[in-house]
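**Q**
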Amino acid sequence: MDPWKKRPELQFLGGQLRSLFWKQAVLAGCFLVLALILGGDARGAALGTAAGLSDTFQILWGIRRGMRKEPVQAALAMHRTMFTRIAFLLCWTVLALRNRWQPVLVLAGFLVLNVGLIILMACCRLGCRKP
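Everything in the sequence shown is counted per the numbering used here, starting at 1 for the first residue and increasing by one.
#1: Tell me whether Leu53 sits in a helix, a strand or coil according to DSSP, three-state version.
#2: If you draw a straight line from the C-alpha of Leu89 to the C-alpha of Thr49, how long is it?
#3: Three or more beta-carbon pairs under 8 Å between the segment 31-40 and the segment 83-97, yes or no?
#4: For the alpha helix (DSSP H) holding Met121, just list the boundary residues, first then last.
#5: Going by C-alpha to C-alpha distance, which of Arg43, Lys23, Gly14 sits closest to Arg98?
#6: Starting from Met78, follow the alpha helix (DSSP H) in both directions and report where the run begins and ends.
#7: Give a yes or no on contact between the segment 23-33 and the segment 102-118, applying the rule of three or more CB pairs nearer than 8 Å.
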């Protein structure tokens, strides 16, 4: 049986993670619109948005997967996702460099969405119920 169905605190955390992802999607849309308004290349801005959202997904997926395990195994699983996150960012950046699609927008989208995720995670206090 799925551990998420047995433990209500994990179901609550799953809802928080889903909510965080949708807030990040809104932030990604704002970044995309702002980059286009300021005259950035649409393809570079789209890659930056994709890089940030794919990293957000990997982080939240790692948190969700890690909550099912013991702390030591959870830390190892999250550490393994770090390498896939770096590989994804490298692929997005190389694609932008190869096609001359303003690779700075890829890195800017990645940074903006990561800073936004850190702020959102600090504000929502993952796993804590609001009084």
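Even for Gly, the Cβ is constructed at its ideal location relative to N, Cα and C. Since the structure is predicted, the reported quantities are computational estimates derived from the model, not experimental observations.
**A** Reading it off the structure:
#1: helix
#2: 11 Å
#3: Output reads no: the segment 83-97 does not touch the segment 31-40.
#4: Boundaries of the alpha helix (DSSP H) around Met121: 103-124.
#5: Arg43
#6: Element bounds for Met78: 71-99.
#7: yes
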